[in-house]
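Heads up: the sequence lines are chains A, B, C, D, E, F, G and H, in that order. Read in order, the letters of the first sequence correspond to residues 1 to 263 in the working numbering. Read in order, the letters of the second sequence correspond to residues 264 to 526 in the working numbering. Read in order, the letters of the third sequence correspond to residues 527 to 900 in the working numbering. Read in order, the letters of the fourth sequence correspond to residues 901 to 1274 in the working numbering. Read in order, the letters of the fifth sequence correspond to residues 1275 to 1344 in the working numbering. Read in order, the letters of the sixth sequence correspond to residues 1345 to 1414 in the working numbering. Read in order, the letters of the seventh sequence correspond to residues 1415 to 1598 in the working numbering. Read in order, the letters of the eighth sequence correspond to residues 1599 to 1782 in the working numbering. We put the CB at the ideal spot given by N, CA and C, even for glycine. Since this is a predicted model, take the numbers as computed values, not measurements. Data first, discussion second: the structure below is written as structure tokens.
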Amino acid sequence: MTAAVAPPRVIASRPELLTDRSTHYCPGCGHGIIHRLLAEVLEELELAPRTIAVAPVGCAVFAYDYLQLDWVEAPHGRAPAVATGIRRVRPDSFVLTYQGDGDLAAIGTAEIIHAAGRGELITAIFVNNGIYGMTGGQMAPTTLLGQRTTSTPTGREAGLAGFPIPMTEMLAILPGVVYAARGSVSDPPHIGKTKAMIKRACKAQVDGAGFAIVEILSNCPVGWGMTAPESMEHLSEVEKVYPLGVLVDRSATPRQPSPPGGS
Amino acid sequence: MTAAVAPPRVIASRPELLTDRSTHYCPGCGHGIIHRLLAEVLEELELAPRTIAVAPVGCAVFAYDYLQLDWVEAPHGRAPAVATGIRRVRPDSFVLTYQGDGDLAAIGTAEIIHAAGRGELITAIFVNNGIYGMTGGQMAPTTLLGQRTTSTPTGREAGLAGFPIPMTEMLAILPGVVYAARGSVSDPPHIGKTKAMIKRACKAQVDGAGFAIVEILSNCPVGWGMTAPESMEHLSEVEKVYPLGVLVDRSATPRQPSPPGGS
Amino acid sequence: MTVTVEGTVTAKDASPSKRSRILMKGNEAIAEAAIQAGCDAYFGYPITPQAELLEWMARRMPELGRVFVQAESELGAINMGLGAAATGARVLVSSSSPGFSLMAEAMSYMAGSETPIVVVNVMRGGPGLGSIGPSQSDYFQAVKGHGHGDYKVPVLAPASIGEAVELVATAFELAERYRTPVILLADGILGQAMEPIEPQFRHPPRQVFDWALTGADGRPPRVLRSLHLQPERLEEHNNALQAKFREIAHTEVRWAGEQLDDADLAVVAYGTAARIAHSAVRKARHEGMRVGLFRPITLWPFPEAQLRELASRPTAMLVVELSAGQMVEDVRLAVEGRCPVAFHGRTGGMLPTPDEVLAELRRLAATVRAGGAG
Amino acid sequence: MTVTVEGTVTAKDASPSKRSRILMKGNEAIAEAAIQAGCDAYFGYPITPQAELLEWMARRMPELGRVFVQAESELGAINMGLGAAATGARVLVSSSSPGFSLMAEAMSYMAGSETPIVVVNVMRGGPGLGSIGPSQSDYFQAVKGHGHGDYKVPVLAPASIGEAVELVATAFELAERYRTPVILLADGILGQAMEPIEPQFRHPPRQVFDWALTGADGRPPRVLRSLHLQPERLEEHNNALQAKFREIAHTEVRWAGEQLDDADLAVVAYGTAARIAHSAVRKARHEGMRVGLFRPITLWPFPEAQLRELASRPTAMLVVELSAGQMVEDVRLAVEGRCPVAFHGRTGGMLPTPDEVLAELRRLAATVRAGGAG
Amino acid sequence: ASDRCKGCELCVAACPYHLLALDRDVVNALGYHPIELHDAPSCTSCAFCARVCPDAVFTVYAPPKREATR
Amino acid sequence: ASDRCKGCELCVAACPYHLLALDRDVVNALGYHPIELHDAPSCTSCAFCARVCPDAVFTVYAPPKREATR
Amino acid sequence: MERSVVFAGFGGQGLLFAGQILARAAITDGLEAFWIPSYGPEMRGGTASCTVIVADEEIGSPVVDRYDAAVVMNPPSLAKFGPRVADGGLLVANASLLGDTSAQRPEIDELRVSCTELAASAGDDKLVSVVALGALVGRLGWVTRDAVIEAIREVVGAKRPEIVEADLQAFEAGFRAGVAPVAA
Amino acid sequence: MERSVVFAGFGGQGLLFAGQILARAAITDGLEAFWIPSYGPEMRGGTASCTVIVADEEIGSPVVDRYDAAVVMNPPSLAKFGPRVADGGLLVANASLLGDTSAQRPEIDELRVSCTELAASAGDDKLVSVVALGALVGRLGWVTRDAVIEAIREVVGAKRPEIVEADLQAFEAGFRAGVAPVAA
Ligand SMILES: Cc1ncc(C[n+]2csc(CCOP(=O)(O)OP(=O)(O)O)c2C)c(N)n1
Ligand SMILES: Cc1ncc(C[n+]2csc(CCOP(=O)(O)OP(=O)(O)O)c2C)c(N)n1
Ligand code: SF4
Ligand code: SF4
Ligand code: SF4
Ligand code: SF4
Ligand code: SF4
Ligand code: SF4
Ligand SMILES: [Mg+2]
Ligand SMILES: [Mg+2]
């Protein structure tokens, strides 16, 4: 139903940048929230027409069906390398990567670290839901100790499966990284903060400052075996292991614009 | 020539563990020094008979010709994964990896970080000579800014080739890492300290404490275009970018011995 | 030994009582078969449609005090496998098409250093990310050109879950007997389906290896490597490898035949495609067509001689694959023009139906009668 | 167009004056040829024996304000290539055998998403780390089974540095005309040797691409992908790809022949092996043997029809490779038993000498006279 | 529009005034009970619901005309 | 033994008393001028040479018999 | 004989489980059985389905040209599989979600079962697929009732003993609906 | 005509360079040329070698069964390549390092040149290979003296102009040693 009489100012509505089709994501999946935030930020910064986005292998592989942008599909984990290739040959484009935690923190570890190390002018969105959603809920490098997954049926045990990997903390010490922050989609206030982080990370690229990444703690109700609201509440547990906030912000000091063929 | 009369106590001599053949390394190459240190430490700790070592792809690929141990040759950069496989099936073995900076810090980034993240009971020797020696002196991730290599003919420029990557610093923040230190082979005192670090890193594994790594700043006279003595002096420059010392030592608190099939 | 009688390698025929059988998912049956065969360590990385294999191992291996590691990637998994196998352990690694592609370099290393290991590829539709549907489009990769350099590895292709169980044990035997990686080539159907299987598994006897890395304790050091920098040395090594490949090719061919004796048409197919062919052959026989089924079980070594012999009789062959046409090349190589060879394939996760295959058979029969070649 | 006359694709014949030629190392000539062809971006990772190609690019590309990135690995390099190529840029990536193995997955992605790119493999001895000597043992990999899934990519095999220069331009043309990766397959000799070449390079005209990613500015968004989750859709896509492959196979075959008209013996060889064969043929002719040389220049599409036609004449063929025998399978497939096919190969970085090949020719001639098959 | 609703109930939990609930009598094309605003007048247009909704189902209009519609 | 010496001169730089130098009159099997201790009596057996030598050429004996030999 | 049935509906309706019970029952009856799900991301939210083949001889093709029976639990499934039921075949339709939309195929036997209601009456309105399975078995008798009961006890008993009874009740309710005379 | 020569010795003796000069000279003379080094880690410390083929027709095989000439600058090289010189071929031996060890092959022309001394006299005792090249060219005249001089000016002039003269001197010195009558 729509408003009874002539509707007044719209406070919130579906962003234009989103396609009409309903997503294949499970009910309550954070990917949908994050897609919407991206759409809002790209609209507000008017970046969409310049944007070339890199889709991951993961549940978000279909992002190209939902966000009306030019997309290329990267092999699992290689989005930062793919983005490097794009950004280097198109200094005027805005390049965005969107990766899950399996994609970025496991198989793609080398690619993200070296793209960051080179200070590539890329904005990286890192969706940490602590699990491999698409393949059926196996452990990710970010999975919490004790967490049950289909590949840690008795809960993740450090002795067998290692410790959770603080990827963004590792990246933050690299000089090529000008902005690194961690947000969450647990509730409206956090979602608001996260959107601000995404905006900052996009600006960093626009200003030619360097590599920027926003890790977003998200949920996977199906993989976690919880209802959507339960999973959002559980994020407070996750935040204890992965503290929220801005880890580094050097984006104020812009680097000189890239030379042709330069970074 | 040997001593004229019945020789008294030997202060220093060629370790038994080294084979007789002369190495293929260039004159003055630090790999030779580091091989000797390893031989001395393994002899002193009587670990050789239990040791399974993993050779890298790099100038040190031939280490198996010089150190009388069981060796397996890992594909370029994968030594930590190979070592993981060995260590897991042989909880009583002592497992050693030997990698160059191209091998460990470039193509092997994901493998070293995740072996460390899992806290594998492995002792990793990381020879940082700031260059790809074996392939003819190209830039490594560790190459200093401004340094000329065959792939940075005008000197490494951050904008094009990125920043030097502080690998050991990144590893040091992982809970699975119980010992991380950086030494050098620039002169006898440093060589002595480096030997002590290697010994500590080996003990950490013997005690079942966790993953241990020693980064060793070394030289590549050929790749650097210097005489051997010049290259050793140049290490003082390198030490400004890669500070020497123990980055973390949690090896005092041993972890419970790995369960069968455990870490 | 060569299996020449239909189905002797499917668990079913060995069955004392059909009722005693258990219903198992292909991926899980393969995993359990490896465990029962004495698999010491499993290394893998999640990917559809083989994830359940990894998950089964994640639960069972620690229970048994054996090694399970979910690696950081397929590169990690296969290289962990390389390390564990270098110590003489029985090692299983599994993946599906895109992940299998990432294992090419390490497979070449293990073939070169003669390291025994069993690797499962539960094929999905390609190229690229493709689909997750069943496919046989990695045949060329598994049989010809996966890694760089001159090497071959035995490739076993089960057509049922029961046969997969048996071939897992065979794979470990071959791997250790010949010091070689062995590939078990399955597809999404075999991985995802459930079928009754005999709860009977084979455990190949353990051997002592004079090459395994265990620490140079009271014996000369051992080195496992593929590097031989002097071309003369590397060529010697390659000649030795080639001799081994010839021996395997001579000794280890496996295939199954159905109603070939009186057949003047033969369908050649493996794996899931062979099951569809089986149904088509049954239908064709009902129509009175003299059709048989030739089912390669080892894709390498390929049953070349057997096919050539078949071709020397008045026959025409229809090759059916879940691909755009890959094994058909090996069939043509074996037949060398002795008889017409037609092809029918579906790709991308699609399966031909028995009726579809039947139609192709009728068409082929017609062309042959008309004296045309396939 | 099909090149059927010997050497028309070698730079030399186009030479106005031999003196004007410059001496260039193969790796460097390939790199410079790419630059002259308008290569916008190069991505690579050091490996012997192709390091000089990367080093040449490291110096020249920044000079020209173009893109050079030494990637963190071959995986990084090929995926940077994928990204740059997705924008419609002209991209070159190079490596050698072990590194090429690591590119299998991304190559499959690019074949699937129809992304044009040129990839050079300067082959070395395998398997595994092998040696750094010249080799042709990645033929199967390049031509058959590099990545997973049903796909083919054009594979160009120069026999001289001059020809390599020409084929680099051809590679970019094919890549863009057919929206496909193209492999330039060289070996350590071609990479490391120096030969005189014409300082004349070809620059294929630029096209406008309706698929290139440039930002959805005033036009509908574009997506480059290989994923088609619905098998029906993926099969459609595969059918379209197969149609393209058939067109390429029909249109782009390249080969060169020497003294074949009166030949009753033909040596079939490509690349460096073909040069050795050339010398052997010369020696054989001096001995009065009627021997010719058939040299495939495109390994895929393979000059199948041309070989079959050759085989229909009273001939016997000797295939010479720097491998244990790979292209020989395609020769047999083409010939389908019409004439004897013998093989001589060296591996691990070893090269056969002309006298060696000559001896094989004599042996073959003898068996043929004796009526035996090769 | 509510035909895109997947009934995850994140908005239900997020609405400060508990104005939202699933309509159990309806199953939409996606197979879910869609969301329903039962007490429109009480809606403050805080847009919390819109911010949490993964499927961007909501359109929130400003007060005075206090209403949220889908 | 000095037939393993590669003439890198690291020991030359390392010897506190400058007792080591390459023997320019000799080329060893490896093609290098090997190291030579020219003033054995002054050697303190500090073993610096042995510690820096990449090719483990030295054997250093303890004093009194002050000598380093190769 | 070789018989095939497809179970289709929303993920979470327990269709894959119902198919497995049928396959296990077949084994208990000494028959051959083959179960194959539609796997992968379709399961995300969307629809799920599985095919079960029951036979007294070795089962060849995992794909069938037409189904001898189909169990459709929601509108999309009816649309997709209704037309693929062989003439004279059986269609078990979940009236609770389908209302009175039908396959409109006089040449097949369309059995309409209010699965939700019957499941609820059995004690757990989630067990809709078990009800449908009961109806299928009741109507066609491919496998014995006892074999199904044994299978349920085994499988459910192992994982969630507390709901075994409800499952059995749901099966029985469906079974009765199945054996009931065909509606005119 | 097609002629082949191998230059072999220690890394750092400049053998690859000498080979390239010969190849460039051949081009200047309008001939075909092919240069191939022994590449890779052998270069670490150890020995280095390259083969040069000069011809007036298209050059086929990069490998030759026997060399028409060999330039050996140290003992291992003499041992390795001495035996591979074709009968009647030329062996240029670096007397400075080989002392009076010889190939012991009367059927070949062994030209002993004190490269170090001659190079020193030319002003830079490192230029031993250029001396040897001079001797080779002086003795066999595969390429013209002017072509070599032009090649040296081009190549060395571009990189290190300051030593062009020394290189030319070294070449001349070797050339003279080459044209000198064959020692009995
Ligand atoms: C090379 C390769 N390995 C594995 C897979 C299978 N796979 C698909 S998505 C995925 C990971 C998904 O996890 P994540 O990146 O965390 O994304 P999520 O689904 O959780 O959002 C994997 C392993 C693949 N497609 N390719
Ligand atoms: C997959 C693969 N890529 C590249 C190479 C070539 N390669 C051999 S060694 C090496 C790196 C050597 O550098 P480093 O690891 O620093 O060792 P160093 O020689 O400096 O000691 C490379 C890139 C290879 N052998 N395999
Ligand atoms: S599986 Fe998890 S991550 Fe994937 S769509 Fe469902 S909820 Fe989201
Ligand atoms: S190239 Fe460098 S690292 Fe390699 S052996 Fe020579 S000096 Fe050592
Ligand atoms: S906008 Fe209205 S309905 Fe939505 S959360 Fe706020 S008060 Fe509740
Ligand atoms: S409206 Fe959005 S948030 Fe609310 S239940 Fe529906 S999908 Fe979930
Ligand atoms: S003795 Fe050792 S350190 Fe001294 S020059 Fe020789 S090799 Fe170098
Ligand atoms: S031991 Fe003797 S020779 Fe060696 S460094 Fe010390 S003083 Fe010099
Ligand atoms: Mg995830
Ligand atoms: Mg290095």
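Hey, quick one: how far does the alpha helix (DSSP H) through residue i stretch, first residue to last?
i       : result
E1549/H : Given a span of 1599 to 1782 for chain H in the structure shown, any question on residue 1549/H remains unanswerable.
D283/B  : Counting along the chain, D283/B falls outside any alpha helix (DSSP H), and DSSP gives it neither H nor E.
G159/A  : 158–161
M433/B  : 430–435
L580/C  : 577–589
With a cut-off of 8 Å on the beta carbons, I'd call residue i and residue j a contact; round off their distance for me.
i       : j       : result
G1617/H : R1175/D : Not confirmed; about 19 Å, so no contact.
T1215/D : V89/A   : T1215/D to V89/A, Cβ: 50 Å. No contact.
L887/C  : A810/C  : 5 Å
In terms of residues, what are the limits of the beta strand (DSSP E) holding residue i?
i       : result
A1500/G : 1499–1508
P722/C  : 720–723
Y98/A   : 94–100
H1244/D : 1241–1245
C1713/H : Element bounds for C1713/H: not the beta strand (DSSP E) but the alpha helix (DSSP H), 1713–1720.
Y1665/H : 1665–1670
L819/C  : 817–822
When you check each C-beta in the segment 1369–1385 of chain F against every C-beta of chain H, which residues fall closer than 9 Å?
For the segment 1369–1385 of chain F, the beta-carbon criterion of a distance under 9 Å to any beta-carbon of chain H is satisfied by V1371, A1373, L1374, G1375, Y1376.
Against chain B: residues of the segment 160–187 of chain A by CB proximity under 8 Å:
L160, A161, G162, F163, I165, P166, E169, M170, I173, L174, P175, G176
For the segment 645–708 of chain C, list the alpha helix (DSSP H) runs that are entirely contained and at least 4 residues long, ordered along the chain.
687–704
Relative to chain C, which residues along the segment 1565–1581 of chain G have a C-beta separation below 7 Å, given in chain order?
Within the segment 1565–1581 of chain G, no residue has a Cβ lying closer than 7 Å to any Cβ of chain C.
If you measure beta-carbon to beta-carbon, which residues of the segment 1086–1108 of chain D are closer than 8 Å to chain H?
G1088, I1089, Q1092, A1093, M1094, E1095, P1096
Using 8 Å as the threshold, is the segment 1050–1058 of chain D in touch with the segment 1245–1264 of chain D, meaning 3 or more CB pairs across them?
no
Against chain B, which members of the segment 578–594 of chain C pass a CB distance test of less than 8 Å?
M587, P588, L590, G591, R592, V593, F594
Within 7 Å of chain A by C-beta, residues of the segment 595–612 of chain C in sequence order:
Q596, E598, S599
Pairs of beta-carbons, one from the segment 1070–1081 of chain D and one from the segment 1014–1024 of chain D, closer than 8 Å: are there three or more?
yes
Check each residue of the segment 42–59 of chain A: if its Cβ is closer than 8 Å to any Cβ of chain C, include it; give the result in chain order.
V57
Segment contact, 8 Å Cβ cut-off, at least three pairs: the segment 921–931 of chain D with the segment 1001–1009 of chain D
no
Residues of the segment 323–349 of chain B whose Cβ lies closer than 8 Å to any Cβ of chain D, in chain order:
The segment 323–349 of chain B vs chain D, Cβ under 8 Å: V324, E336, P338, H339, G340.
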